[in-house]
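K.L.:
Residue numbers (my numbering): 35 to 215.
#1: Roughly how many angstroms lie between the CA atoms of residue 153 and residue 202, to the nearest whole one?
#2: Whole-angstrom Cβ separation of residue 189 and residue 71, contact assumed at under 8 Å?
#3: With DSSP collapsed to three states, give me the class of residue 54.
#4: So the beta strand (DSSP E) residue 206 belongs to, where does it begin and stop?
#5: Please report the Cβ distance between residue 123 and residue 87, rounded to the nearest whole angstrom; I am assuming they are in contact, meaning their Cβ atoms lie under 8 Å.
#6: For residue 109, count neighbouring C-beta atoms within 10 Å of its own C-beta (all shown protein chains included) and say buried if the count is 16 or more, exposed if not.
#7: In this structure, does DSSP put residue 151 in helix, strand or coil?
#8: Using the DSSP secondary-structure output, state which residues sit across from residue 186 in a beta bridge.
#9: For residue 95, which of 84, 117 and 80 has the nearest alpha-carbon?
#10: If we ignore side chains and look at the alpha-carbon of each, how far apart do residue 114 and residue 60 end up?
#11: Note the first and the last residue of the continuous alpha helix (DSSP H) segment covering residue 126.
#12: What residue range does the beta strand (DSSP E) around residue 193 cover?
#13: Can you give the beta carbon distance from residue 208 to residue 43, rounded, assuming they're within the 8 Å contact cut?
#14: Restricting to Cα atoms, I'd like to know which of 133, 132 and 160 is closest to residue 139.
Structure representation (structure tokens):
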């Protein structure tokens, strides 16, 4: 990997977290997205379950949070529950805007097929392609990242070390699959 790459933000990993971080950072900065394998091979693609969010008008983030706390049997981190349930609908909307095609209900209309699963008091689970939700998310976000001109993608690249000066990260040492740095 001879040479020096320049970016304002370095994102390591191509799962949903890495791809969303890269796409959001690209709104205002140049981004270098690095991953150990192919872009399409992030761990998100293996996720078969759906995504829970209070999308139905009869549902609410507060109801979702209650169900989450009940399922957690007193072990939930309250701030995490607040963020997960409160920001869930907006996060799903962003996934849809990025091209994720969630399953629709059968029949007329365009409502999303919301399923009822364990611990939820209301139907609020979205799937994409049945049990292929993770694959659909990985594919849509990967495509969005490749189309974003402010994101540079480096597959088969490992983070070796962070370069730190005065307590601040100022760079990174990367290694390509062939061992070049």
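A virtual CB, placed ideally from N, CA and C, is assigned to each residue, including glycine.
P.N.:
Reading it off the structure:
#1: 43 Å
#2: 7 Å
#3: helix
#4: 202 to 210
#5: 5 Å
#6: exposed
#7: coil
#8: 66
#9: 117
#10: 25 Å
#11: 112 to 131
#12: 191 to 199
#13: With 8 Å as the limit, residue 208 and residue 43 do not qualify as a contact, their Cβ atoms being about 14 Å apart.
#14: 160
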